[in-house]
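Below: one structure, written as structure tokens.
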Amino acid sequence: MRYPHSEILGTVAPATYLVLFLNRSKLAAEMEVMSGETPTPTELLRAHGLRVTKPRLAVLGILSRGGHLEVDEITRQAREDLNSVSTQAIYDVLAALARAGLARRIEPAGSPARYEARTGDNHHHIVCRACGVIADVDCAVGSAPCLDPSQTHGFELDEAEVTYWGLCPACRALAAQD
Ligand SMILES: [Zn+2]
Ligand SMILES: [Zn+2]
Ligand SMILES: [Zn+2]
């Protein structure tokens, strides 16, 4: 499978990393309002009730650079920062970050689970059927559940999981050439 344009949605420069946190975590934004300062990854972990460890700081840093990353890719990048870390340790870190609301797990049909640092805003995803690239799209309503079903069967609903599927611009261009 080729990802002809994955760099478009890939990483951003590390200098913008702390700024991105503001878009990515509601609590980070609230902390900024209260203190007037951008919270560091260490402060974010503490504010979410998590012990500060090197693997957690590394994974948070990787996710904060943007994108929707598979565990294999997160592990590969984490091994550049940390001397040795097991895949199981990365799974444990991701589970802890997800429980604390610092990471979000998505699993589009046909794709392995992916993780991102943009949380708490009920944003949705557009997935390319051809190359698998994923783009964020803001929720038009803003909070879950953002779709009203024709009937609820007495359930109290808290989420509508919305995934848009289609062809990305690069794959449309490729298809047009054939
Ligand atoms: Zn595509
Ligand atoms: Zn996303
Ligand atoms: Zn929505």
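Under my numbering, the residues of the sequence shown are numbered -8 to 169, in order. For glycine and all other residues, C-beta sits at the position ideal for the given N, C-alpha and C. None of these values were measured; they are calculated from a predicted model.
- Environment of ligand 2, chain-ordered: H59, E107, R109, H114, H116, D127, taking every residue with Cβ within less than 6 Å of a heavy atom.
- The C-beta distance from P103 to E61 rounds to 5 Å, short enough to meet the 8 Å contact threshold.
- In this structure, the C-beta of A166 stays at least 7 Å away from each heavy atom of ligand 1.
- Where G157 is concerned, the enclosing beta strand (DSSP E) starts and stops at 154 to 157.
- Ligand 3 never approaches A69 closely enough for any of its heavy atoms to be under 7 Å from the residue's Cβ.
- Just so you know, the alpha carbons of G157 and C119 end up roughly 5 Å apart.
- A contact is defined here as three or more CB-CB pairs under 8 Å, and the stretch 106 to 122 meets this definition with respect to the stretch 147 to 156.
- Per DSSP, the beta bridge partners of C119 are G157.
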